[in-house]
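S.K.: Input: one structure, supplied below.
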Amino acid sequence: MKNIYIIGVGLIGGSLALDIKKHDSSIKVFGIDHNDAHLEDALQLNVIDAKATYEELKHADLVILSIPVDAAVTEILKILELVSDDTLVMDVGSTKAEICKAIDQHPKRRNFLATHPIAGTEFSGPKAAILGLYKNKTNIICEVEKTAFKLQERALQLFTDLGMRIRYMNPEAHDKHIAYVSHLSHISAFMLGKTVIDKEKNERDIFDMAGSGFASTVRLAKSSPEMWTPIFKQNKTNVLETLDEYINNLTKFRTLMHADDFEAIYSEMKDTNHIKEILNGIE
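Under full-length UniProt numbering, the first residue of the sequence shown carries the number 1, and numbering increases by one thereafter.
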């Protein structure tokens, strides 16, 4: 692959560009973005080599679609119409069912690979791009059997080169699981931040008294609403299910507090400590 086009040169797309260019300096990375300031920043930071337009996609070996998931569902149809039969097109969105459904009957469905690299930060834009962001991160691939085999091989080689782990999952399972481990985390952070802002009117008090626990818990509340609102909308059913379960647990904790049942509270927290072993890694 010598000509790679990245549509959306923010944190995710920009970090992919940096890693690809680092691995093979002969590859030329082109950027497409509705925000011209982002393109200028990406050029200045050497995230991309040149700006491009949709009309140039016919020259692409690989197109990476890295834009909000609501826009991706419509843009993917335009992109597939413009690329050659040998072009691999991937999206990197946080929801998979809607985009897979949108292109299921498309004549160039074989050119598309649905992926979700589990990586990122709370920051956005090309200035947030990080070299090595994807090293040792998991990449979820959905409906791989619907992608042309030679294009599958091209994608898997790229992921291997970038040091990523691969898991295969159907789109519905992906969206259900990611609602728990990612989408709920962001909602919790946003609402924790809102609770503190609503009650602590003095910003200096928040700044001076916020410890590392608050900072780490609320970190995701700095994430882009432009990106996350469409994610919550597309994954509404699963997100509501996770919220119901989360609210039930909060209500139970509140009930135990009212009852002064701190032995039960201790037991709840002790059981949850098992999360340490899970996050330390499963072979």
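By construction, the Cβ of each residue, glycine as well, lies at the ideal position given by its N, Cα and C atoms. Note that the structure is predicted; figures quoted are calculated from it, not measured.
Helix, strand or coil, according to DSSP, for tyrosine 134 in the structure here?
M.R.: coil
S.K.: Could you round the C-beta distance between valine 63 and isoleucine 7 to whole angstroms and report it? I think they count as a contact, below 8 Å.
M.R.: Confirmed, about 7 Å.
S.K.: Quick check: the region 2 to 17 against the region 123 to 131, are there 3 or more CB pairs under 8 Å?
M.R.: Using a C-beta cut-off of 8 Å, the region 2 to 17 makes contact with the region 123 to 131, since at least three inter-stretch Cβ pairs fall below that distance.
S.K.: For histidine 183, list the residues DSSP reports as bridge partners.
M.R.: DSSP output for histidine 183 lists no bridge partner at all.
S.K.: Going by the beta-carbon positions, is the gap between alanine 52 and isoleucine 32 smaller than 8 Å?
M.R.: A contact, by the Cβ cut-off of 8 Å.
S.K.: Tell me whether the beta-carbon of leucine 88 lies closer than 8 Å to the beta-carbon of arginine 154.
M.R.: yes
S.K.: Check methionine 257 in the structure and name its three-state DSSP category.
M.R.: helix
S.K.: Alpha carbon to alpha carbon, how far is tyrosine 180 from valine 239?
M.R.: 8 Å
S.K.: Kindly indicate the opening and closing residues of the alpha helix (DSSP H) around residue 297.
M.R.: The chain is shown from 1 up to 283; residue 297 falls before or after that span and cannot be answered.
S.K.: To the nearest whole angstrom, what separates the beta carbons of histidine 59 and valine 92, a pair I think is in contact under 8 Å?
M.R.: At roughly 21 Å, the Cβ-Cβ gap does not stay under 8 Å, so histidine 59 and valine 92 are not in contact.
S.K.: Could you tell me whether the region 64 to 75 touches the region 36 to 44, where touching means 3 or more Cβ pairs closer than 8 Å?
M.R.: Segments in contact, no.
S.K.: Beta carbon of aspartate 19, beta carbon of glycine 193: below 8 Å?
M.R.: no
S.K.: According to DSSP, simplified to helix, strand and coil, what is valine 73?
M.R.: Note: valine 73 maps to helix in three-state DSSP.
S.K.: Let's test the definition: count the other Cβ atoms within 10 Å of the Cβ of threonine 237 and tell me whether it reaches 16, buried, or not, exposed.
M.R.: exposed
S.K.: Could you check if threonine 195 is buried or exposed, using at least 16 other CB atoms within 10 Å of its CB as the buried criterion?
M.R.: exposed
S.K.: Which complete beta strand (DSSP E) runs does the region 46 to 110 hold, if anything under 3 residues is left out?
M.R.: 62 to 65, 88 to 91
S.K.: Please report the distance separating the alpha-carbon of glutamate 283 from that of threonine 147.
M.R.: Because glutamate 283 sits at a pLDDT of 49, beneath the cut-off of 50, its placement in the model cannot be relied upon, and the point is left open.
S.K.: Quick check on methionine 169: does DSSP put it in helix, strand or coil?
M.R.: strand
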